[in-house]
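Inspection log for the structure reproduced underneath, given as structure tokens.
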Amino acid sequence: MRVARTLAIVLSAHCAATSGGTRPAAAAVLVEVELLAAQSALEVPEDTLGGGQNVRAPLLLSLEDDESVKLAEQTHPRLVLMLQSPFDHGCSMARPAFERLAKAWQNITFGLVDVGGAPLLAKRLRGASAQLPAYGLLLAGMSAPIRYEGGWSENSLGAWLLQQAELKAVELNDAADLEAMSQAHSVVVVALLTDKQKTRRSVEVAARTGQLQAPLAIGGEDLAAQLGAPFPSLLVMNRDGYPWPLLRAPLVRKAVEAFLRQRALPLVVPLGDSDRRFSRQVREHPAPLQVIVVHTSGARGVDLQSDETLAEAREAASKLAGLAVFVSHDFFDNDPDQFAAMSLSTSDLPACVVVRGRGGFRERTWRVTGTGHSVSSDQMVALVHRALVESKLPADPPPEWEQLPVPECVR
160 MRVARTLAIV LSAHCAATSG GTRPAAAAVL VEVELLAAQS ALEVPEDTLG
210 GGQNVRAPLL LSLEDDESVK LAEQTHPRLV LMLQSPFDHG CSMARPAFER
260 LAKAWQNITF GLVDVGGAPL LAKRLRGASA QLPAYGLLLA GMSAPIRYEG
310 GWSENSLGAW LLQQAELKAV ELNDAADLEA MSQAHSVVVV ALLTDKQKTR
360 RSVEVAARTG QLQAPLAIGG EDLAAQLGAP FPSLLVMNRD GYPWPLLRAP
410 LVRKAVEAFL RQRALPLVVP LGDSDRRFSR QVREHPAPLQ VIVVHTSGAR
460 GVDLQSDETL AEAREAASKL AGLAVFVSHD FFDNDPDQFA AMSLSTSDLP
510 ACVVVRGRGG FRERTWRVTG TGHSVSSDQM VALVHRALVE SKLPADPPPE
560 WEQLPVPECV R
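The numbering used here numbers the first residue of the sequence shown as 160 and each following residue consecutively.
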């Protein structure tokens, strides 16, 4: 059943003298929208993104200028904005998908903003980029907007909103709380922050902007003391028993975003047709080498040798932090053409392939195959060191790639 409603609201209006008289300088008028009574697959629980209740929902605001945006931000605790120009062809194509999302999400306010009248918002969402449309999510209590970087299709934007809905910052009281989290998650980002940093929520903004694919736990000085960690700092806890990636203060936003993007990963990152969560992080990773562990444990059932090789790969990845990023490919959950390019068949597996310059003209590979037997951590480490020497690359990780030994209290 479709229910057509015409909604209009004026958030604020004040008159400014002009040569031709007066006109509202800060008004937000709702676009006429058709609301669906049926539930949408994109709909989420009322308070999923936090920040309390919206005035009413769903809403699609038309915002003229920065003052209108400011008033909307004060009124709506969850506000998704599309910065656009009526003269831009890409914006015209992207707008229908944005309007459909506004109908589908029942607990978030959406807003269309004309870039010509909102230079301050444009600076917040676009930075040095001139690309349109630009998107951002404004949440109550956040120190900055959460910028969206991706395609403007309904599926891409909807997936981003769902990911934002799933990410929650959890306050920890002590190491026991952290240990309990580790039972449910293989990777947990631990932010050890001052009270002022907690209030600003800048780490959470960085995590949301980078689309963090792990839980975010917040602790204070007492938890840092229990863990034997610098304060303030960021940690990436893994439950495999290997040292934790560490970022020391100052926790400036760019450094935090880079740390989360590059180091808040499983020791061996799973990549396949059924799981592309970490594709972008792996593709943009600064490590000079990529180590691909090809196995047959997963889509077609359990393979003992493959499982042993994956365990060995986690140990090798911990030893080679900053020098190589480790990924795992299930042979039956990936494009078979890429394995043909590596000259790998199922009889060679499990196998480990080290790649430099993947996908480029100067791509070079080194490999070791198990041929029915597991590949050891020592074999992988030796192969990576060989690749480093033959590529004339440094054998030591960058100095900023620090690690914290696993704290006794969570072992």
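C-beta atoms are modelled at their ideal positions from N, C-alpha and C, and glycine is treated no differently.
Practice item. Quick one: grab the DSSP three-state call for Ala503. Key: What you label residue 503 is simply residue 344 of the sequence shown in a count that begins at 1. This sequence places Leu at residue 503; Ala is not what is there. In this structure, Leu503 counts as coil in the three-state DSSP scheme.
Point to revise | Anticipated Cβ contact below 8 angstroms, Ser315 with Val274, distance rounded | key: Taking the first residue of the sequence shown as position 1, residue 315 is located at position 156. Taking the first residue of the sequence shown as position 1, residue 274 is located at position 115. Actually they do not touch by this definition, with Cβ atoms about 21 angstroms apart.
Check your understanding: Hey, which unbroken runs of the beta strand (DSSP E) at 3 residues or more fall wholly within the stretch 309 to 354?
Key -> Within the stretch 309 to 354, the runs of beta strand (DSSP E) at least 3 residues long that lie entirely inside it are, in chain order, 328 to 330 and 346 to 351.
Practice item. With DSSP as the reference, label Pro429 as helix, strand or coil. Key: Position 270 of the sequence shown, counting from 1, holds the residue named residue 429. Correct three-state label for Pro429: strand.
Check your understanding: Could you give the residue range of the beta strand (DSSP E) that holds Asp489?
Key -> Taking the first residue of the sequence shown as 1, we reach residue 489 at position 330. Per DSSP, the continuous beta strand (DSSP E) segment holding Asp489 begins and ends at Ala483 to Asp489.
Review point. First and last residue of the beta strand (DSSP E) that includes Thr528?
Key: By 1-based counting over the sequence shown, the position of residue 528 is 369. Counting along the chain, the unbroken beta strand (DSSP E) around Thr528 starts and ends at Arg523 to Thr528.
Check your understanding: Hey, how far is the Cα of Leu280 from the Cα of Ala231?
Key -> Counting from one through the sequence shown, the residue named residue 280 turns up at place 121. Counting from one through the sequence shown, the residue named residue 231 turns up at place 72. Rounded to the nearest angstrom, the two C-alpha atoms are 12 angstroms apart.
Check your understanding: Excluding five sequence neighbours on each side, which residues of the same chain lie with their C-beta closer than 6 angstroms to the C-beta of Ala475?
Key -> Counting from one through the sequence shown, the residue named residue 475 turns up at place 316. Correct list, in chain order: Ser536, Met539 and Val540.
Point to revise | Own chain residues within Cβ distance below 7 angstroms of Pro558, not counting five before or after | key: Residue 558 sits at position 399 when you count from the first residue of the sequence shown. Excluding sequence positions up to five before and after Pro558, its CB lies less than 7 angstroms from no other CB in the same chain.
Review point. Residues in its own chain within less than 6 angstroms of Ala365 by CB, not counting five upstream and five downstream?
Key: Sequence index remark: in the sequence shown, residue 365 carries index 206 (1-based). Here the set comprises Arg412, Val415 and Glu416.
Check your understanding: Helix, strand or coil: how does DSSP classify Met392 here?
Key -> Within the sequence shown, residue 392 is the residue found at index 233, counting from 1. In the sequence on display, residue 392 carries Ser and not Met. Reduced to three states, the DSSP call for Ser392 is strand.
Review point. What distance in whole Å lies between the Cβ atoms of Ser477 and Leu426, which are believed to be in contact at a cut-off of 8 angstroms?
Key: Reading the sequence shown from its first residue, position 267 is the one you call residue 426. Reading the sequence shown from its first residue, position 318 is the one you call residue 477. Their Cβ separation, rounded to whole angstroms, is 6 angstroms, which keeps Leu426 and Ser477 in contact under 8 angstroms.
Practice item. Report the option in Gly369, Leu351 and Gln421 whose CA atom is closest to the CA atom of Pro389. Key: Here the question's residue 389 lines up with position 230 in the sequence shown. The shortest C-alpha separation from Pro389 is found at Leu351.
**Study point:** Extent of the continuous alpha helix (DSSP H) to which Ala544 belongs
**Key:** Taking the first residue of the sequence shown as position 1, residue 544 is located at position 385. The question names Ala, yet the displayed sequence has His at residue 544. First-last of the alpha helix (DSSP H) with His544: Ser536 to Glu549.
Check your understanding: Can we say the stretch 443 to 457 touches the stretch 486 to 495, given the rule of at least three CB pairs closer than 8 angstroms?
Key -> The way I'd put it, the stretch 443 to 457 does touch the stretch 486 to 495; three or more beta-carbon pairs between them come closer than 8 angstroms.
Review point. Is the beta carbon of Leu386 sitting closer than 8 angstroms to the one on Leu406?
Key: Taking the first residue of the sequence shown as 1, we reach residue 386 at position 227. Taking the first residue of the sequence shown as 1, we reach residue 406 at position 247. Contact flag unset, no.
**Study point:** Alpha-carbon to alpha-carbon, Ala261 and Val192
**Key:** The residue you call residue 192 lines up with position 33 of the sequence shown. The residue you call residue 261 lines up with position 102 of the sequence shown. In this prediction, Val192 scores a pLDDT of 32, lower than 50, which makes its location untrustworthy; the coordinate-derived value is nonetheless stated afterwards. Taking the straight line joining both Cα atoms gives about 9 angstroms.
Check your understanding: Between the stretch 496 to 508 and the stretch 521 to 531, are three or more C-beta pairs nearer than 8 angstroms?
Key -> Between the stretch 496 to 508 and the stretch 521 to 531, the count of Cβ pairs shorter than 8 angstroms is three or higher; the stretches touch.
Point to revise | Residue interval of the alpha helix (DSSP H) (run including Ser465) | key: Reading the sequence shown from its first residue, position 306 is the one you call residue 465. Under the DSSP assignment, Ser465 falls in the alpha helix (DSSP H) whose first and last residues are Leu463 to Lys478.
Check your understanding: In the DSSP assignment, what residue or residues form a beta bridge with Asn397?
Key -> Numbered from its first residue, the sequence shown carries residue 397 at position 238. Answer by DSSP bridge pairing, in chain order: Val346.
Check your understanding: Does the stretch 340 to 354 come close enough to the stretch 294 to 302 that 3 or more CB-CB pairs lie under 8 angstroms?
Key -> As far as the Cβ criterion goes, the stretch 294 to 302 does not touch the stretch 340 to 354, which means the pair count is below three.
Exercise for review: Consider the C-beta atom of Leu351 and the heavy atoms of the ligand FMN; say whether any pair is separated by less than 7 angstroms.
Suggested key: For the structure depicted, the ligand FMN is absent and the ligand set is empty, with no information on it obtainable.
**Study point:** With 16 other Cβ atoms within 10 Å as the buried cut-off, status of Leu552
**Key:** Translated into positions along the sequence shown, residue 552 becomes position 393. Exposed is the call here.
Review point. Given that a residue counts as buried once 16 or more other Cβ atoms are within 10 Å of its Cβ, and exposed if not, what is Thr268?
Key: Position 109 of the sequence shown, counting from 1, holds the residue named residue 268. Around the C-beta of Thr268, 16 or more other C-beta atoms lie within 10 Å, and the residue is accordingly described as buried.
Practice item. Please list, in chain order, all residues of the same chain as Glu330 whose beta carbon is under 7 angstroms from its beta carbon, the five residues on each side excluded. Key: By one-based count along the sequence shown, residue 330 stands at place 171. If we look at Glu330 and ignore the five residues flanking it on each side, its Cβ neighbours are Ile377.
Exercise for review: Measure the C-alpha to C-alpha separation of Arg398 and Ser341 and round it to an integer number of angstroms.
Suggested key: Start at 1 with the first residue of the sequence shown, and residue 398 comes out as number 239. Start at 1 with the first residue of the sequence shown, and residue 341 comes out as number 182. Their backbone Cα atoms lie some 6 angstroms apart in a straight line.
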